[in-house]
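Residues 1232 to 1600 in our numbering are what the sequence shown spells out, letter by letter. Even for Gly, the Cβ is constructed at its ideal location relative to N, Cα and C. Owing to the predicted nature of the structure, the values given are computational and were not obtained by experimental measurement. To start, the structure under review is shown below, and the notes come after it.
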Amino acid sequence: MASIPYFQFRGYPAGLEAAVEAALLEAVASKHYILGKQVKTFEEAFARFIGVGHAAGVGNGYDALVLALKGVGIGAGDEVVVPANTFVATVNAILQVGAKPVLVEPDAHTYNLTIRTAAKAVSSKTKALLPVHLYGQVCDMAPLLELAQEHNLSVVEDAAQAHGATYRGQKAGSFGDAAAFSFYPTKNLGALGDAGAVVTDDIAVAEFIRKYRNYGEVQKYRSELVGVNSRLDELQAAVLRVKLQHLDELNVARQKLAQVYLQELQDVGGLMLPYTAPGCGHVYHVFNIRTAPRDKLKQHLLEQGIGTAIHYPVPVHLQPAYGFLGYKQGDLPVAEDLASTSLSLPLFPGMQAEEQERVVDVVRKFFRR
Ligand SMILES: *Cc1c(COP(=O)(O)O)cnc(C)c1O
1232 MASIPYFQFR GYPAGLEAAV EAALLEAVAS KHYILGKQVK TFEEAFARFI
1282 GVGHAAGVGN GYDALVLALK GVGIGAGDEV VVPANTFVAT VNAILQVGAK
1332 PVLVEPDAHT YNLTIRTAAK AVSSKTKALL PVHLYGQVCD MAPLLELAQE
1382 HNLSVVEDAA QAHGATYRGQ KAGSFGDAAA FSFYPTKNLG ALGDAGAVVT
1432 DDIAVAEFIR KYRNYGEVQK YRSELVGVNS RLDELQAAVL RVKLQHLDEL
1482 NVARQKLAQV YLQELQDVGG LMLPYTAPGC GHVYHVFNIR TAPRDKLKQH
1532 LLEQGIGTAI HYPVPVHLQP AYGFLGYKQG DLPVAEDLAS TSLSLPLFPG
1582 MQAEEQERVV DVVRKFFRR
């Protein structure tokens, strides 16, 4: 029997691959390879899609986080409240700008930053909240935005897994002072290499990022600040411009696959399925299930030729590199439990119904044994 990968690029929707290739050839033929028409056109389209005033293309999602934090003025000595169960990039970005990450427990149902733990973590040094819209579901932003207002905190969203996700009808990336997106190839909107963007309604933040990403230049060889090189590549922008036109369709494909899993696995004892909070439009970057015998289930699926992933097997505070933050095992039990029970099932646009049936079948049989 053919194996089923955790993720695979498929020619979906029909015609997309040809359109991407045509856009690439056009960008190549233009002979303008750095910060040209493709980047500008994509930035305008992406800002419109998110519903904000500005988007600035950068090199990758990590840089988008760093530049967003710098753009809203986060730096040395500042504390930033962030969920402990995020990808390391979120925490690294906080450290990169010289600030201190204050890790908090996620909500036990949505796995997202929650007012219950965030409020308790706010100190006189706190300067920002960094909600991560994990797996494709937007955090419960209303109380978080209230908390931020009350304490005069900035809000920087990590929307790297939530392109097109909604909360009360508004898109991920449109809530904070700035938001970071990654266009890593497997993300809901993915380039053919590294790419990222910061979105914001604040023209000053957008202008800072446009300078900072390009050596601080306002014009060729005139630097107004000490910047870096983190430009969105013209060829990647050409790809993204085309794929953005299909993002809603790609997200609907993910949602349909997720509904099948939710339906077919709902009565399986010992399994916890993803929960979508009221008012949220989940885009299922990851279809995460939880079970105590996670490792056994993963191994069993592998033996049946079915790939899975774990997001994430070791929480940031227990990774060897982050010992200096001073956390120990048991400090963040919800995040630790998530790390030991989470499993991500195959879900990608173009996945076939027969493939999904087989995943469902193997999972169901595992629990019936
Ligand atoms: C992918 C991802 C990033 C980093 O994006 P890169 O483009 O790989 O640098 C940051 N945060 C989260 C939550 C992500 O999923």
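Count the other CB atoms within 10 Å of the CB of residue i; is the residue buried (16 or more) or exposed (fewer)?
i: ARG1453; result: exposed
i: THR1341; result: buried
i: LEU1375; result: buried
i: ILE1434; result: exposed
i: LYS1418; result: buried
i: MET1372; result: buried
i: ASN1460; result: exposed
i: ASN1445; result: buried
i: VAL1387; result: buried
i: ILE1520; result: buried
i: TYR1443; result: buried
i: SER1354; result: exposed
i: SER1385; result: buried
i: SER1234; result: exposed
i: PRO1337; result: buried
i: ALA1437; result: buried
i: LYS1301; result: buried
i: PRO1544; result: exposed
i: ALA1278; result: buried
i: ASP1592; result: exposed
i: LEU1256; result: exposed
i: GLU1586; result: buried
Taking only heavy atoms of ligand 1 into account, decide whether any of them is closer than 8 Å to the Cβ of residue i.
i: ALA1540; result: no
i: GLY1427; result: yes
i: VAL1590; result: no
i: LYS1301; result: no
i: GLY1292; result: yes
i: SER1413; result: yes
i: LYS1201; result: Nothing about residue 1201 can be reported from this structure: the residues present for the chain run from 1232 to 1600 only.
i: PHE1318; result: yes
i: LEU1481; result: no
i: VAL1328; result: no
i: VAL1470; result: no
i: THR1321; result: yes
i: VAL1363; result: yes
i: GLN1392; result: yes
i: PRO1389; result: Looking at the sequence shown, residue 1389 is not Pro but Asp. Result yes, Cβ under 8 Å from ligand 1.
i: LEU1296; result: yes
i: LYS1418; result: yes
Tell me whether residue i sits in a helix, a strand or coil according to DSSP, three-state version.
i: GLN1490; result: helix
i: LYS1356; result: coil
i: GLU1310; result: strand
i: LEU1578; result: coil
i: GLN1530; result: helix
i: ARG1485; result: helix
i: GLY1367; result: helix
i: THR1572; result: helix
i: ASN1383; result: coil
i: HIS1548; result: helix
i: GLY1427; result: strand
i: SER1461; result: coil
i: LEU1502; result: coil
i: LEU1334; result: strand
i: TYR1293; result: helix
i: THR1348; result: helix
i: THR1454; result: The residue you asked about is not Thr; residue 1454 is Ser in the sequence shown. Three-state result, SER1454: strand.
i: GLY1554; result: helix
i: SER1261; result: helix
i: THR1272; result: helix
i: PHE1412; result: strand
i: ASP1389; result: strand
i: LEU1328; result: This sequence places Val at residue 1328; Leu is not what is there. Coil at VAL1328, not helix or strand.
i: ASN1323; result: helix
i: LYS1402; result: strand
i: ILE1541; result: coil
i: PHE1518; result: strand
i: ALA1508; result: coil
i: VAL1283; result: coil
i: GLY1302; result: helix
Would you say residue i faces chain B, with C-beta separation under 9 Å as the test?
i: GLY1427; result: Note that chain B does not occur in the displayed structure, where there is just one protein chain.
_contact_flag[the segment 1383-1401, the segment 1506-1524] where n(CB pairs < 8 Å) is 3 or more_ = Short answer: they touch.
_Count Cβ pairs between the segment 1345-1362 and the segment 1305-1320 that sit closer than 8 Å; are there 3 or more?_
They touch, by the three-pair rule.
*asked:* If contact is defined by three or more beta carbon pairs under 8 Å, each pair taking one atom from either stretch, is the segment 1514-1529 in contact with the segment 1475-1487?
replied: Result yes; three or more Cβ-Cβ pairs closer than 8 Å.
*Taking one C-beta from the segment 1492-1504 and one from the segment 1404-1419 each time, how about it: are there three or more such pairs within less than 8 Å?*
At 8 Å Cβ cutoff, the stretches do not touch.
*Determine, using beta-carbon pairs with one atom in the segment 1567-1576 and one in the segment 1525-1534, whether at least three such pairs fall under 8 Å.*
Verdict: yes, contact present.
*Given 8 Å as the limit, is there contact between the segment 1551-1568 and the segment 1328-1335, that is, 3 or more CB pairs closer than that?*
The segment 1551-1568, when compared against the segment 1328-1335, does touch it at the 8 Å Cβ threshold.
_At least three beta-carbon pairs within less than 8 Å, the segment 1266-1286 to the segment 1338-1355_ = Contact between the segment 1266-1286 and the segment 1338-1355 is absent, because fewer than three Cβ pairs lie under 8 Å.
_Does the structure place the segment 1423-1439 close enough to the segment 1262-1272 that three or more beta carbon pairs sit under 8 Å?_
Contact fails: fewer than three Cβ-Cβ distances are below 8 Å.
*Assess, as a yes-or-no matter, whether the segment 1486-1494 is touched by the segment 1289-1298 under the definition of 3 or more beta carbon pairs within less than 8 Å.*
Taking a contact to require three or more Cβ pairs closer than 8 Å, the segment 1289-1298 and the segment 1486-1494 do not qualify as touching.
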